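Written out below as structure tokens is the structure these notes cover.
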Amino acid sequence: SQQGEEDPQALSIQEGENATMNCSYKTSINNLQWYRQNSGRGLVHLILIRSNEREKHSGRLRVTLDTSKKSSSLLITASRAADTASYFCATSSITDSWGKLQFGAGTQVVVTP
Amino acid sequence: GAGVSQSPSNKVTEKGKDVELRCDPISGHTALYWYRQSLGQGLEFLIYFQGNSAPDKSGLPSDRFSAERTGGSVSTLTIQRTQQEDSAVYLCASSFTGRTNYEQYFGPGTRLTVT
Numbered sequence: 001s002q003q004g005e006e007d008p009q010a011l012s013i014q015e016g017e018n019a020t021m022n023c024s025y026k027t028s029i030n031n032l033q034w035y036r037q038n039s040g041r042g043l044v045h046l047i048l049i050r051s052n053e054r055e056k057h058s059g060r061l062r063v064t065l066d067t068s069k070k071s072s073s074l075l076i077t078a079s080r081a082a083d084t085a086s087y088f089c090a091t092s093s094i095t096d097s098w099g100k101l102q103f104g105a106g107t108q109v110v111v112t113p
Numbered sequence: 114g115a116g117v118s119q120s121p122s123n124k125v126t127e128k129g130k131d132v133e134l135r136c137d138p139i140s141g142h143t144a145l146y147w148y149r150q151s152l153g154q155g156l157e158f159l160i161y162f163q164g165n166s167a168p169d170k171s172g173l174p175s176d177r178f179s180a181e182r183t184g185g186s187v188s189t190l191t192i193q194r195t196q197q198e199d200s201a202v203y204l205c206a207s208s209f210t211g212r213t214n215y216e217q218y219f220g221p222g223t224r225l226t227v228t
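Those sequence lines, one after another, are chains A and B.
In terms of this note's numbering, the first sequence opens at residue 1 and continues consecutively.
In terms of this note's numbering, the second sequence opens at residue 114 and continues consecutively.
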């Protein structure tokens, strides 16, 4: 079963707008990671936020983590056509003896020029 | 530097045949992972290798699936007697270590189609 659930499943925006997607999970975690996937092939790591962190920035990306609500959000500011991709959250559970990641089903983002 | 590579990029096979998928991890990465992604779905964990330790095979869906990692580097995922439901993209990833708080680097995947 999947640990992370992304919301919305799909998002369509204009270039320059901000894109926000959310991830909810069920168990206590060590960290939560966001990945991007273009064209159904390999995933690219975007950002990792640890359970004791609340917010993290990387370029135009902003990630928040609320462990009390077991949720995270990914904000892409000033979106570009090149941001069109699927975005996945992945969690590392404290119950796993190693850094096993459980992925959600993803949010498909389409940015139109 | 070189990333994770996988071969073949695409594989079409007939139902009942065996297939082998290959993964070359990033040099120096001790942890290697296999995932399966069906159309429009998230990633399903299959198997994890860490150094010379016994692999975590808990995600393998049936005994038709097996994987090896030779010399702590290259890995091969074997699917015997393929079925149509095995059609998916098979993704390999590696990381510096399998401990938590390390990102995984993914290969481009092998798209398997079973006819």
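Ideal Cβ placement from N, Cα and C applies to all residues, glycine included.
Being a predicted model, the structure only gives us computed values, none of them experimental.
| Item | Value |
| --- | --- |
| Give the single residue among A:S72, A:R60 and A:V110 whose Cα lies nearest to the Cα of A81 of chain A. | A:V110 |
| What does DSSP give as the partner residue(s) for I49 of chain A in the beta ladder? | A:L32 |
| Could you compute how far the alpha carbon of Y215 of chain B sits from the alpha carbon of L225 of chain B? | 28 angstroms |
| Need the endpoints of the beta strand (DSSP E) that H142 of chain B sits in, please. | Per DSSP, H142 of chain B belongs to no beta strand (DSSP E) and is neither H nor E. |
| When DSSP builds the beta bridges, which residues end up paired with K56 of chain A? | A:V63 |
| Compare the Cα-Cα distances from I94 of chain A to each of A:E55, A:E15 and A:T27 and report the closest residue. | A:T27 |
| Please list, in chain order, the residues of the stretch 43-73 of chain A that have any C-beta partner in chain B closer than 8 angstroms. | L43, V44, H45, L48 and R50 |
| For the 8 angstroms Cβ check, are there 3 or more pairs between the stretch 65-83 of chain A and the stretch 8-28 of chain A? | yes |
| Can you give me the C-alpha to C-alpha distance between N22 of chain A and D7 of chain A, rounded to a whole angstrom? | 5 angstroms |
| Check the Cβ-Cβ distances between Q217 of chain B and every residue of chain A, and say whether any is below 8 angstroms. | yes |
| Can a CB atom of chain A be found closer than 8 angstroms to the CB of Q193 of chain B? | no |
| Which two residues bound the contiguous beta strand (DSSP E) that contains L11 of chain A? | A10 to Q14 |
| Can you check DSSP and say which residues form a bridge with S72 of chain A? | A:C23 and A:L65 |
| Could you tell me whether any Cβ in chain A is nearer than 8 angstroms to the Cβ of R182 of chain B? | no |
| With 16 other CB atoms within 10 Å as the buried threshold, where does G99 of chain A fall? | buried |
| Hey, is the stretch 148-163 of chain B in contact with the stretch 127-136 of chain B, meaning 3+ C-beta pairs nearer than 8 angstroms? | no |
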